[in-house]
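For reference, the structure discussed in these notes is given below.
Numbering (our numbering), first residue to last: 57 to 136.
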């Protein structure tokens, strides 16, 4: 792994690390969204799973994910 990273130029390394950070952040946010929605379904026994309801309830996480992606890509474009 160290040899692969050393063969990258500085720009490629920056892109690689930003992409890796965004991937890990997206996975963590997705896990948090699913867990939050599961807790909601457990607390409200009359509620049924619906994709539209999931999107409505987890808007905050989705906006947070999009904002962090936008900020990271903007920083990447500005500094490269």
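We treat Cβ as the ideally placed atom computed from N, Cα and C, and that holds for glycine.
(message) Would the segment 113-123 count as touching the segment 61-73 if we require 3 or more Cβ pairs under 8 Å?
(response) Contact fails: fewer than three Cβ-Cβ distances are below 8 Å.
(request) Round the Cβ separation of residue 117 and residue 89 to the nearest angstrom and send it over; I've been treating them as touching at under 8 Å. (result) Here residue 117 refers to the residue found at position 61 when the chain shown is read from its first residue. Here residue 89 refers to the residue found at position 33 when the chain shown is read from its first residue. The C-beta distance from residue 117 to residue 89 rounds to 5 Å, short enough to fall under 8 Å.
(message) If I measure Cβ to Cβ from residue 77 and keep anything under 8 Å in the same chain, skipping five residues before and after, which residues do I get?
(response) Position 21 of the chain shown, counting from 1, holds the residue named residue 77. For residue 77, where only same-chain residues beyond five positions count, the Cβ hits under 8 Å are 128.
(message) Rounding to the nearest angstrom, what Cα-Cα distance links residue 107 and residue 59 in this structure?
(response) Counting from 1 along the chain shown, the entry for residue 107 is found at position 51. Counting from 1 along the chain shown, the entry for residue 59 is found at position 3. Their backbone Cα atoms lie some 44 Å apart in a straight line.
(request) Let me know if residue 99 comes out buried or exposed under the rule of 16 or more other beta-carbons within 10 Å of its beta-carbon. (result) By one-based count along the chain shown, residue 99 stands at place 43. When all chains shown are included, residue 99 counts as exposed.
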